[in-house]
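First comes the structure, then the notes that go with it.
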Amino acid sequence: MFPKLDPLLHSELRLAVMSILAGVEEADFTYLKEQTGATAGNLSVQIDKLAAAEYITVEKGFKGKMPRTTCKITASGAEAFREYVKALKKYLAAGK
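When you line the sequence shown up against this note's numbering, it's residues 145 to 240, in that order.
This is how it looks when you write it as structure tokens:
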């Protein structure tokens, strides 16, 4: 039997955001937007969903006079991401 995939992480954009955040200490909104190619509106909605699930934290502040939104993966988000990757590996192994 295949393990259940976390539906929150199964979204392409949310998975991309989590993949980026898993490899860095933090990332700002502009960087995430550039890396994912997402629109600002769509990225904002998906970040809100990840934050509501407590998979990431979001800090809003300023860099000089410019607003800056910074995202960081949480311990529970990192664990959910690891479990998701582990489950995907089982799916891939079944196809061999």
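No residue lacks a Cβ here, since even glycine has one placed at the ideal position from N, Cα and C.
Does residue 206 pass the burial test, meaning 16 or more other C-beta atoms within 10 Å, or should it be called exposed?
exposed
Take every Cβ of the segment 168-180, pair it with every Cβ of the segment 220-235, and state whether three or more of those distances are shorter than 8 Å.
no
Does the distance from the CB of residue 182 to the CB of residue 152 come in under 9 Å?
no
Buried or exposed for residue 168, please, with buried defined as at least 16 other CB atoms from any protein chain shown within 10 angstroms of its CB.
exposed
Beta carbon of residue 180, beta carbon of residue 200: below 9 Å?
no
From residue 210 to residue 184, what does the alpha carbon distance come to, in whole angstroms?
16 Å
Residue environment, residue 161, which counts as buried when at least 16 other CB atoms sit within 10 Å:
Per the 10 Å Cβ criterion, buried.
Give me the Cα-Cα distance between residue 216 and residue 171, rounded to the nearest whole angstrom.
7 Å
Can you grab the Cα-Cα spacing for the pair residue 202 / residue 155, in whole Å?
19 Å
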